[in-house]
Amino acid sequence: MILIKEFEFDAAHNLIHYHGKCERLHGHTYKLVIKLEGTPDKEGMIYDFVELKRVVKARIIDKFDHSYLNDIIEQPTAENIAMYVFNELKDVLKRENCKLYEVEVWETKTSGVVYRG
Ligand SMILES: Nc1nc2c(c(=O)[nH]1)N=C([C@H](O)[C@H](O)COP(=O)(O)OP(=O)(O)OP(=O)(O)O)CN2
Ligand SMILES: [Zn+2]
């Protein structure tokens, strides 16, 4: 079974090894989707949504929201953001009954990536 939790953050970035409009400083309201794969525990939960929100907020959202992403990731493409988030969360979210399955990062409503580690 797959458990899903969605987040949003606003951040600025510019792409460095790139020639086009996105080399200029600009911002996005990013959508971040965290998916865990697992089986429900004795409480009937793969992972408590409340606890998942607390972990992702503390580790990712509080750092990324209203930031200049290039300060955190050298070339902050959606691909590199997804890999960064996956690597930051994979150990902390691992439990006997579940593990991090997939991270989606959406820059706009029509442009996003999916990373599975
Ligand atoms: N493979 C990638 N390509 C691009 C990335 C990226 O992270 N990975 N990023 C950008 C820009 O940062 C920006 O997202 C521009 O993308 P685009 O989808 O063109 O943005 P629009 O505002 O034009 O979005 P629409 O939804 O199409 O209106 C560029 N490429
Ligand atoms: Zn952009």
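Numbering-wise (my numbering), the sequence shown opens with residue 37 and increments by one. Every residue, glycine too, gets a C-beta built ideally from N, C-alpha and C. Quick caveat: nothing in here was measured; it's all calculated off a predicted structure.
Query raised in the report: Is DSSP giving residue 71 helix, strand or coil here?
Result: Taking the first residue of the sequence shown as position 1, residue 71 is located at position 35. Strand.
Query raised in the report: Starting from residue 128 and walking both ways along the alpha helix (DSSP H), at which residues does that stretch end?
Result: As a working mapping, residue 128 is identified with position 92 in the sequence shown. Here residue 128 belongs to no alpha helix (DSSP H), and DSSP marks it neither H nor E.
Requested in this report: Could you check which residue in 98, 124, 103, 122 has the C-alpha nearest to that of residue 64?
Outcome: Reading the sequence shown from its first residue, position 28 is the one you call residue 64. It is 103.
Query raised in the report: Assuming residue 134 contacts residue 82 under a Cβ cut-off of 8 Å, what Cβ separation, rounded to an integer in Å, is found between them?
Result: Position 98 of the sequence shown holds residue 134. Position 46 of the sequence shown holds residue 82. Yes, residue 134 and residue 82 are in contact; Cβ-Cβ is about 5 Å, under 8 Å.
Report task. Kindly examine ligand 1 and report whether one of its heavy atoms sits closer than 7 Å to the Cβ of residue 65. Result -> For this step, residue 65 is matched to residue 29 along the sequence shown. False, no ligand heavy atom lies under 7 Å from that Cβ.
Report task. Report the residue from 100, 119, 49, 131 whose alpha carbon sits nearest the alpha carbon of residue 76. Result -> As a position in the sequence shown, residue 76 is number 40, starting the count at 1. The shortest Cα separation from residue 76 among 100, 119, 49, 131 belongs to 131.
Report task. Leaving out five residues on either side along the sequence, give the residues of the same chain with a beta carbon under 8 Å from the beta carbon of residue 137. Result -> In the sequence shown, the residue the question calls residue 137 occupies position 101. Closer than 8 Å at the Cβ level, and outside the excluded window around residue 137, lie 38, 71, 72, 73, 152.
Query raised in the report: Under the criterion of a Cβ to heavy atom distance below 7 Å, does residue 44 qualify as lining ligand 1?
Result: As a first step, residue 44 is located in the sequence shown; it is residue number 8 there, counting from the start. Checking every heavy atom of ligand 1 against the Cβ of residue 44, none is found closer than 7 Å.
Query raised in the report: With a cut-off of 8 Å, do at least 3 Cβ pairs link the segment 84-101 to the segment 50-57?
Result: no
Query - Neighbour-count burial assignment, residue 62, 16 or more Cβ in a 10 Å radius - result: Locating residue 62 in the sequence shown gives position 26, where the first residue counts as 1. Result: exposed.
Query - CB of residue 45 within 8 Å of CB of residue 66, strictly - result: Counting from one through the sequence shown, the residue named residue 45 turns up at place 9. Counting from one through the sequence shown, the residue named residue 66 turns up at place 30. Cβ atoms of residue 45 and residue 66: closer than 8 Å.
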